[in-house]
Amino acid sequence: MKKSYQSLEVNLTNNMIQVIYRKLTSNILHFGFVILLTFTTSLSAQEGDSAKGKSLFNANCAACHTLDKKMTGPALRNVEQRLADDEGLDREWLYAWVKNSAGMIKSGDAYANKIYNEYSGAAMTAFPQLSNEDIDNILAYTAEEKKAPVPVPGGAVATQTTETTGGISNEIILGALAILFILLAAGLFLVNKTLRRFASAQGIEVEEDSKRTPLWKAFVKNQFLMLVTAIFFLLASAYFVFGYFMQIGIDQGYQPVQEIHFSHKIHAGDNKVDCKYCHSSARTSKTSGIPSLNVCMNCHKSIYEYNGETTPEYSKEFYDGEIKKLYAAAGWDDAEQKYTGDSQPVKWTRIHNLPDFVYFNHSQHVTVAGVECQTCHGPVEEMEIMYQHAPLTMGWCIECHRTTNVNVKDNAYYTKIHEELSKKYGVDKLTVAQMGGLECGKCHY
Amino acid sequence: MSSNKKYWKSVEELNENSSIVETLKQNEFVNEIPTDEFLGDKETLEETSTTRRDFLKYVGFSTAAASLAACEGPVKKAIPYVVQPTEIIPGVANYYATTIADGFDFASVLVKTREGRPIKIENNALAVTNGNANARVNASVLGLYDSLRVQGPSKKGESISWETFNSETTQALTTIAAENKDIVLLTQTFASPSTSKLISEFKEKYGNVRHVVYDSVSESASLDAYQAKYNERALANYDFSKAMTIVSVGADFLGDWQGGGFDSGYSKNRVPDHGKMSRHIQFESNMSLTGANADKRVPLTPSQQKTALAKLYSQVVGGSVSTQDLPAHIEDAISKAASQLKKAGSNGLVVTGIQDVNAQTVALEINEALNSKAFDKAAPIKIRQGSDKAVAKLVADMKAGTVGAIIMSGVNPMYTLSNASDFAEGLKKVDLSVTFSLKADETAVLTDYIAAAPHYLESWGDVEIKKGHYALTQPTIRPLFDTRQFQDALLTWTENDASYHDYIKEAWGTTILGGSSFNKALHDGTFVGAIATETEDTTTTTEVVESDETEETPSGNAARALAASVKSDSGFELTLYTKIGMGDGQQANNPWLQEFPDPLTRTSWDNYLTISKVDADALGLVNTHVATGALNSNYANVTANGTTIKVPVMIQPGQAKGSVGLAFGYGKTLGLKEEMQTGVNAYALYQDFNNVQSVTIESAGGEHEFASVQLHNTLMGRGDIVKETTLEIFNTKDKKHWNAIPVVSLNHVETPVTSPDVDLWDEFDRSIGHHFNLSVDLNACTGCGACVIACHAENNVPVVGKEEVRRSRDMHWLRIDRYYSSEESFDGDNDKKDNISGLGSSLSEFGEMENASANPQVAFQPVMCQHCNHAPCETVCPVAATSHGRQGQNHMAYNRCVGTRYCANNCPYKVRRFNWFLYNGNDEFDYYMNDDLGRMVLNPDVVVRSRGVMEKCSMCIQMTQKTILDAKRDGREIKDGDFQTACSAACSSGAMVFGDINDKSSKVAKLKEDNRMYHLLESVGTKPNVQYQTKVRNTTEA
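Protein chains in written order, with the working numbering: chain L, 1 to 445; chain S, 1 to 1038.
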C-alpha cells in the first residue's frame, strides 16, 4: 500500500478558511431558526419554553430518547399530540408517567403497561424532581417541527469564491508583467534591426569578433576551475544522497486512509472529548491503546447521526455512513437497539510506528511528566485525517530530553534524587538528560 | 637461492609404489565433483530458454527492485478489541495464581500474562507450601504453546467432535458396565479432592470401576512404609529448615525426591548465622545435586547404602543388626554421622531415597527415635499416590482380558513402563480405551480415542499438596485448541451438568473452606485448611497393598530385614534418576529444558550412563575432546534382565565405583519434534519399578557427540574464583585469612586492588539515585537452575540446538558454573598449585589438576554479566554499542551493535553471547521462535535479537525500569525488595538478592558490607556490580 502524503499546509489553511465561513453561515441559519421558533411557539397553543426544554431534554432524557428515533425508549417527537390522538391521553397522564412511571405500571394503567411490555420490561427512570413546568418545556421542545437539513453548498460556494478571487489577481499581475516583458523584448529587437539597417545603408562594416575562444572552452581548459567544480558537484550530490538516505524510514506526515474515516477534528476538536477518554491506557501503560469498539459505542449508541458542520467532501451522509461502519464492526443493530454478536474488528493502519528495539512508555510521559498529547502528536484536534506529526527519530527524542525539565512536583519518588542531583549539577531544575534520560539502556533493551 | 625443495603432501608418498599417490597424481579432486547431479538432467537443461545473460539480468533487476521496495516502510495494522475485557490494559501485565499438578511437579505459582497470553511463571510468595517453581515449572509455560499439541478429540486417528466423543464413550461405558467388566481409570497422581470426589461418583454410577494411580517414577516404597507406620498413604514431610544435622542415604532431596520442593527450607540453614550452619552428610552412588551441596559426601553403591542405613540405625537407635562389613572409610563415615545425629538429637534428620519399604521404614524410625523437629507428621505429602502393585496387577488383568475399558489421564505407560509391550498387548484386549493427553504420544496413538486435554494453564483444578494444604488451578488463557479436561469428561459421564469450575467451588465450599472465601483462595492460589479432610480414593490401591504387607515391625525388624536383603552382586548397580531439567520426561518437547545444561555434567540435549573413571578405564570406555573442544564419548551396552540398551557414557567424578547412573525422561519417540528426540529411554530398564537395577555393561564402541557447555571441570587451584572456607576458619579467623582482597604492586608497595591509586579509570560518582547490585550467596545456591530458565523466559533468550551448543554458541545469559576439585578438596588444589615449582613439576602437576578427583568437592557459581563499573567491554566497542548507566547496569544497544565481538573477547567473565544466526523465524532452528504459537511466549518488553548482534544479561533493566516507573506514577519512594531481576525473583533458596545499594537499609547494601562478600576476579579491577558471598563448608566432624 502506498502512503498518501498530502501537502498539509495548503490543506490546513483551506480548512481554516472553510471553518470561518461555515461558522458564519451556520450562525445566520441558527439566528434564523431562533426567530422562526419564537414565532412558532407564540403561535402555538401550548405554553412552555422549548429552549429550556431542549436543555432539560438533553440533561434528563437524551440517554434513552431521541426525537425521531426509537432507542432505549420511544421517539418523542410530537409525543403529546400522538398520545392524545391515538390513546386519548392528556398532559396530566404524561406528568404522572414522567414523575413515577413504575407507580403507574403498578396501578394497572392500561397504556402504561402496554408500553412497559413493548420495551421488554425496561421501566423508565422516575423523574420526581421535574416540575410540571419543566415537563411543559420539554413537551414544547418535542413539539417542534423537524429541522430541514442544513443546506450544505453555502459554505462551499463561499470558499470557492475566495479562492478564485485570490487566483485571478495574481494571474493578472503576472500576465501584465509578461506582456510588458514581451513588449520590451520586441522593442529592443526592433531598435537593433533599425540600427543595423542604418549601418548597412551607410556602409559601415560591423566588426565580427570571431578570434576569441568561447567561454566554455576556456573553462574546460582551466584545470583548476574544473577541479573545483568537480569537487563542488561531488559534495553537493553527497549532500543530497545523504539527505535521501537519512529520510528513509522517517514517516513524518504519514497519513494513511483508514478503514473507518475517524475524524479527530470532530471528536477532540469540535466536541472536546478528552484524548484519554478513548486512549485511556496512555495513563497507565506503555501503549496509548487504540480504543476498543465498546468505548466508541459508549457514545455512539445514542449518537447515530452527524449533525455538525459539513463540507462537500465530508457530507452528513458521508459521516453517517462511517457511523454505520462502526455499527457493523461492533455488531450493533441500530434499528433493534441491540447487539447482534456478529462483530468484525477494525483493522486500523498504524500511523506511529516505533522500531521494536525502542522502548517507549506513554504513561511515563503522560502521567508522570504531564506532557500534553499534542507535544508529540501535533494539533490532533484539527486533524480531519490523522497523520504523523513528529519525525519520531532518536534525535527528536533526545532533543526534547535535553531541553525539558523533569516534572518533580508533588512526587515523592523524585524528592531525594532531585535535591541531590540538582545540587551536584548546580541547577534549580534538572533536565531529563541530567536525570539519566540519555542513557542507551533507558530506551533500548 | 633456489633449491629443489620437495613438498610432501602425505606420508603415503614415502612409499614409492603406493597406489594412492599414483591415483592422486591423476586426480585433482579426491572425490568426484557431482557435476552429473546438476548437469545430468539434459532435458530440463535443453528445454529452458533462459540464457545466462537473461538470468543475470533477472537477478540484477530483482535485487534492485527488492532494495527499492525496502525503502518503503511496511504498513502495519493495529486491531483493537471489539469489547476490551475490563481487566486487560494493553501493555500492562496481569498476574494470576495457579497451581501446576502434572503428576510429577506440584507447585503454586504466579502466571504473568500480557494481553491475555501467559508468558512467564513466577514464585507464589503467598503459598506456604510448594510456592517455588523449579526449572521445569518455570519452563512449563512453553508447553502451552507447543505446536505438536493435540488440537481436538480424535478416534483412531480421525478427528471427531466432542459430542460424538461423549455419546460414543458414554454408550460404550454403559455397555461395559452392563457386561460387568472392569472399568479402569489409570491416572497420574492428582492429589485433588474434587477429582477424587468425582471419581467416587463415577464409581457409583458404573459400579465396576477401579482407579489406579500411576506415578511414572514411583515412590511406592516410601508410601507403603508410611502407610504401614502411620496408616495414611502419603509421604513423610520434612521441614529442612528445622534440621541442623542432615544425613541422607541416597536421597536427592534437592532434586525430585518425594516430589521435591525441599530446597528453600534446606538453604535457610546453609548460610552461617551467628557462627552456625547446618551439617549435611550424603551417602550416595550417583553424583546428585544434593551430594554436590553436601558438606561431606560418601560415594557407595546402592547395596552398600542399604547396609549403611542399617548400620546407622543400629548406631543411632540401638539394637543389634547383623550387617556386612563395609570399607573402613565408609564405616568411619557412618559412625561419625551417627554420633553427630545423636548429638543433634531433635535437630537431626535422616532421609533415604532407597526404594525399599524396609529402608524407608528405617528412616522413619530413626527420625522417630531422634524425635526430629523437621519431621512434620501433621501434614504428610500427598503428591505421590501411585502403587506399583496396582499397576502391575492392571497390566496382568488387561492381558487376561478382564478389563473392559481403560481411561487414562496424565500418564504415558507405553513410554514409562518397562513392560510396555505387555501393556500394548493388554490394550488390544480392552474394549474401550481413551487417553486424555496433550500429545499424540506413545500411548495415545494406541488407544481408540485421544481426548485432547488442555494444558494446566487452561484448566481448572485443585490439589492437596500436603495434608490440609490446598491449592487451586485456574485457567490463565482461553483454551487454545478444542480441548476438554478429564474432569469435565467425568462430569459428562456421571450426567452432571455442572462445569468443573462450579464443581470445585461447591466441593470446596462444603468440605474445605470452612467458611472462608473461595475467591480469596482463588486469588491467593493456595489455602491452608484448619481441619484436614479425610481421604478419599485410595481404597482400591490400598487393598492391593494390604494383601501382602509385612506385619507390624517391632523395633529393629525393618533394619534387620534391610540388612538381610543386601545381596552381593558381581555386576554393576545401576541407579536410575531424574534430571532436574527433564524430570520424568513429560516436557521432553520443551526446547528450554532440552538446552538446559544439567547442573552437574553441564551437558544438554542428552542423557548418558554416568560411570566412575576407574570403571570406565577397566571397561575401555573413554570421553574425548574433539578439535572444537566438544565432548565425545563411547557407547556402552547396558543389560538388565535381558533388556539391553545402548547408551553413551559420561565419566562422572564422584560416581561410586561399581555403580552407574542413567536418567529418565529421554528417548521419547512420539509427540515431539525431531530435534527433541534425544537420548535413550531409561524406563526400559525400570523393571518392577525399582530404580536400582543390577546390570552388566560392555563397551559398544562408537562415537557419541555430547553438547556440553562447560568443558573444563576444575578450578586449577584458582581459589579466588570460587572463594571458600570452612566453618571453623570462618568463625575463628579474621576475614583476611579467608577472604583477602587481592593486592597489586604500586611502586613496589602492595596495594589492594580496590584502592583508587591502582585504578586506570576515574571513578564516577554513583552515590545519587539507584545503584543496583546483585548478590549471589554461594552457600545458599544449590545449583538448581530455576534462574536459568526464568532468565530464558524473561529475556527471550533463543534456543540454539545441540549442534550449536557443541560449537560453544549457547546463548544462556546466566550460566551456573560447576567446578570439581582435583584433590580431595579445593583447599588441596590451592595448596598443590602454590607448591608447584620448576618446569617439570608445573608440566606434570598442572596436567593432573585438569582432572577431577574420584570424589571431588563441588562448587556451583552462577555467572551472569557482572556489570562492571570499569567494564573492559565498553572501552573496546568501536561503535559505543555498550555503555554504562548511572544505575550500575552495563547497557547493550542491540541496534547499534555491528558485531565485531571485541567486547566478548575483552570480557574476563565470558558472559557475552553472540547471535551467530537469526534464531527466530528460521527453519534451521525449529524450536519455539519458529512458529506463531511458540512466539506467543515472547516477552513484549524485551527485543528479540537478530543475527550478528552481541547480547548479554541486562540485569533485567526492563524490570528495574518498570519498578521505577510504577513508583513515579504512584508518587512514592521505592522500598527494598521492589527491585527484582528474573533470576533473583526465581531463586527460591534466597541465594540471589537484588537491590539498590544506595538505599543503605536494603538487604543487598548490607550484604555488600558482609565479610563474606567478594567480587569475581577482583584482581582485574573491573569493579563489578555483582557480588558473591564466600562459600563456607561445615567440615566439623562430631
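Quick reminder that beta carbons are idealized off the backbone N, C-alpha and C, glycines included.
Here the structure is a predicted model, which means the values were calculated and not measured.
Let me know the secondary structure DSSP gives L:V19 once reduced to three states.
-> For the purposes of this step, residue 19 of chain L is taken as residue 19 along the first sequence, with counting starting at 1. Model confidence at L:V19 stands at a pLDDT of 40, short of 50, so the residue's coordinates are unreliable; what they give is reported in the following sentence. In this structure, L:V19 counts as helix in the three-state DSSP scheme.
Mind pulling the alpha helix (DSSP H) runs of 4 or more residues that sit fully within the segment 373-440 of chain L?
-> List check, alpha helix (DSSP H) in window: 373-377, 394-403, 412-425.
Can we say the segment 777-790 of chain S touches the segment 1029-1036 of chain S, given the rule of at least three CB pairs closer than 8 Å?
-> Contact holds: three or more Cβ-Cβ distances are below 8 Å.
Go ahead and label S:Q487 buried or exposed: buried means 16 or more other beta carbons lie within 10 angstroms of its beta carbon, across all protein chains shown.
-> Locating residue 487 of chain S in the second sequence gives position 487, counting from the first residue. By the neighbour-count criterion, in which a residue is buried when 16 or more other Cβ atoms sit within 10 angstroms of its Cβ, S:Q487 is buried.
Of all the CB atoms in chain S, is at least one closer than 8 Å to the CB of L:L447?
-> Outside the displayed range of chain L (1 to 445) lies residue 447 of chain L, so it cannot be described from this structure.
Helix, strand or coil for L:P355 per DSSP?
-> As a first step, residue 355 of chain L must be located in the first sequence, where it is residue number 355. It is coil, neither helix nor strand.
Mapping DSSP to helix, strand and coil, what is S:F914?
-> To locate residue 914 of chain S, count along the second sequence from 1; it is residue 914. In the structure shown, S:F914 adopts extended strand secondary structure according to DSSP, grouped into three states.
By Cβ distance below 6 Å, which residues in the same chain neighbour S:Q227 in space, the five residues on each side in sequence not counted?
-> Position 227 of the second sequence, counted from the first residue, corresponds to residue 227 of chain S. Answer for S:Q227: R233, listed in chain order.
State the Cα-Cα distance for the pair S:V82 and S:I89, rounded to the nearest angstrom.
-> Working through the second sequence from its first residue, we reach residue 82 of chain S at position 82. Working through the second sequence from its first residue, we reach residue 89 of chain S at position 89. Here the C-alpha atom of S:V82 lies approximately 14 Å from the C-alpha atom of S:I89.
For the segment 1008-1026 of chain S, which residues have a CB atom closer than 8 Å to at least one CB atom of chain L, in sequence order?
-> Under the 8 Å Cβ criterion, the segment 1008-1026 of chain S contributes no residue.
Own chain residues within Cβ distance below 8 Å of S:P1090, not counting five before or after = Nothing about residue 1090 of chain S can be reported from this structure: the residues present for chain S run from 1 to 1038 only.
DSSP state of S:D923 mapped onto helix, strand, coil | Reading the second sequence from its first residue, position 923 is the one you call residue 923 of chain S. Of the three classes helix, strand and coil, the one that applies to S:D923 here is helix, per DSSP.
Under 8 Å from the C-beta of L:E313: neighbouring residues of chain S | Taking the first sequence and counting its residues from 1, one reaches residue 313 of chain L at position 313. None at all; the shortest Cβ gap to chain S is about 24 Å.
S:L562 and S:V692 look like a contact to me (Cβ under 8 Å); what is the Cβ gap, rounded to whole Å?
-> Position 562 of the second sequence, counting from 1, holds the residue named residue 562 of chain S. Position 692 of the second sequence, counting from 1, holds the residue named residue 692 of chain S. About 13 Å separates the beta carbons of S:L562 and S:V692, which is beyond the 8 Å limit, so they are not a contact pair.
What is the DSSP secondary structure of S:Q693, counted as helix, strand or coil?
-> Counting from 1 along the second sequence, the entry for residue 693 of chain S is found at position 693. Correct three-state label for S:Q693: strand.
What separation, rounded to the nearest whole angstrom, lies between the Cα atoms of S:N27 and S:K802?
-> Translated into positions along the second sequence, residue 27 of chain S becomes position 27. Translated into positions along the second sequence, residue 802 of chain S becomes position 802. A straight-line Cα-Cα distance of about 37 Å links S:N27 and S:K802.
For S:G921, which option in S:I246, S:M936, S:R913 has the closest C-alpha, if you only look at C-alpha atoms?
-> As a first step, residue 921 of chain S must be located in the second sequence, where it is residue number 921. Taking the Cα of S:G921 as reference, the smallest distance to any Cα among S:I246, S:M936, S:R913 is reached at S:M936.
Distance between L:T229 and S:F1040 (C-alpha atoms, nearest Å) = Lying outside 1 to 1038, the shown extent of chain S, residue 1040 of chain S is not represented and no answer is given.
Per-residue DSSP class, three states only, for S:T51 | The residue given as residue 51 of chain S occupies position 51 in the second sequence. DSSP places S:T51 in coil when its eight states are reduced to three.
Cβ atoms of S:V749 and S:S1019: under 8 Å apart, would you say?
-> Start at 1 with the first residue of the second sequence, and residue 1019 of chain S comes out as number 1019. Start at 1 with the first residue of the second sequence, and residue 749 of chain S comes out as number 749. Taking C-beta atoms as the reference points, S:S1019 and S:V749 fail to come closer than 8 Å.
Candidates S:F262, S:S570, S:Q866: which alpha carbon is nearest S:G658's?
-> What you label residue 658 of chain S is simply residue 658 of the second sequence in a count that begins at 1. If we check each option's Cα against that of S:G658, S:S570 comes out closest.
Using a Cβ-Cβ distance under 8 Å, would L:Y387 count as near chain S?
-> To locate residue 387 of chain L, count along the first sequence from 1; it is residue 387. It does not: the Cβ of L:Y387 has no partner Cβ on chain S nearer than 8 Å.
Report the neighbours of S:E973 on chain L: residues whose CB is nearer than 9 Å to its CB, in chain order.
-> Numbered from 1 along the second sequence, position 973 holds the residue referred to as residue 973 of chain S. Within chain L, the residues near S:E973 are A412, Y413, T415, K416.
On the three-state DSSP scale, how would you describe S:R114?
-> Translated into the one-based positions of the second sequence, residue 114 of chain S becomes position 114. S:R114 falls in the strand class under three-state DSSP.
Can a CB atom of chain L be found closer than 8 Å to the CB of S:K467?
-> Indexing the second sequence from 1 puts residue 467 of chain S at position 467. With 8 Å as the cut-off, S:K467 does not count as an interface residue toward chain L.
Listed in chain order, which residues of the segment 872-884 of chain S have Cβ atoms closer than 7 Å to some Cβ of chain L?
-> Legend: CB atoms of the segment 872-884 of chain S lying less than 7 Å from CB atoms of chain L belong to residues S883.
With S:S285 and S:Q258 assumed to form a contact (beta carbons below 8 Å), what rounded beta-carbon distance in angstroms separates them?
-> Position 285 of the second sequence, counting from 1, holds the residue named residue 285 of chain S. Position 258 of the second sequence, counting from 1, holds the residue named residue 258 of chain S. Contact between S:S285 and S:Q258 does not hold, since their C-beta atoms are separated by about 18 Å, which reaches or exceeds 8 Å.
Apply the 10 Å Cβ neighbour rule to S:S954 and answer buried if 16 or more other Cβ atoms are within range, or exposed otherwise.
-> In the second sequence, residue 954 of chain S corresponds to position 954, counting from 1. It counts as buried.
Interfacial residues, the segment 380-392 of chain S to chain L, with Cβ spacing under 7 Å | Look at the segment 380-392 of chain S: it has no residue with a C-beta under 7 Å from a C-beta of chain L.
S:V680 at chain L interface by Cβ criterion, 8 Å = Along the second sequence, one-based indexing puts residue 680 of chain S at 680. Not a single CB atom of chain L sits nearer than 8 Å to the CB of S:V680.
From which residue to which residue does the alpha helix (DSSP H) around S:V362 run?
-> Taking the first residue of the second sequence as position 1, residue 362 of chain S is located at position 362. Under the DSSP assignment, S:V362 falls in the alpha helix (DSSP H) whose first and last residues are 357-370.
With a cut-off of 8 Å, does the C-beta of S:G899 fall near any C-beta of chain L?
-> Residue 899 of chain S sits at position 899 when you count from the first residue of the second sequence. Not closer than 8 Å to any Cβ of chain L, the Cβ of S:G899 fails to qualify, so no.
Does the Cβ of S:A107 have 16 or more other Cβ atoms within 10 Å, making it buried, or fewer, making it exposed?
-> Residue mapping note: residue 107 of chain S aligns to position 107 of the second sequence, counting from 1. Answer is buried; the Cβ neighbour count reaches 16.
Any idea which residues DSSP pairs S:E705 with across the strands?
-> The count along the second sequence starts at 1 and reaches residue 705 of chain S at position 705. Residue pairing by DSSP puts S:E705 in a beta bridge opposite S:N632.
Are there 16 or more other CB atoms within 10 angstroms of the CB of S:Y7, so buried, or fewer, so exposed?
-> As a working mapping, residue 7 of chain S is identified with position 7 in the second sequence. A residue is called buried when at least 16 other Cβ atoms come within 10 angstroms of its Cβ; S:Y7 does not meet this threshold and is exposed.
Stretch pair the segment 922-941 of chain S + the segment 833-843 of chain S: three plus CB contacts closer than 8 Å | The way I'd put it, the segment 922-941 of chain S doesn't touch the segment 833-843 of chain S; fewer than three beta-carbon pairs between them come closer than 8 Å.
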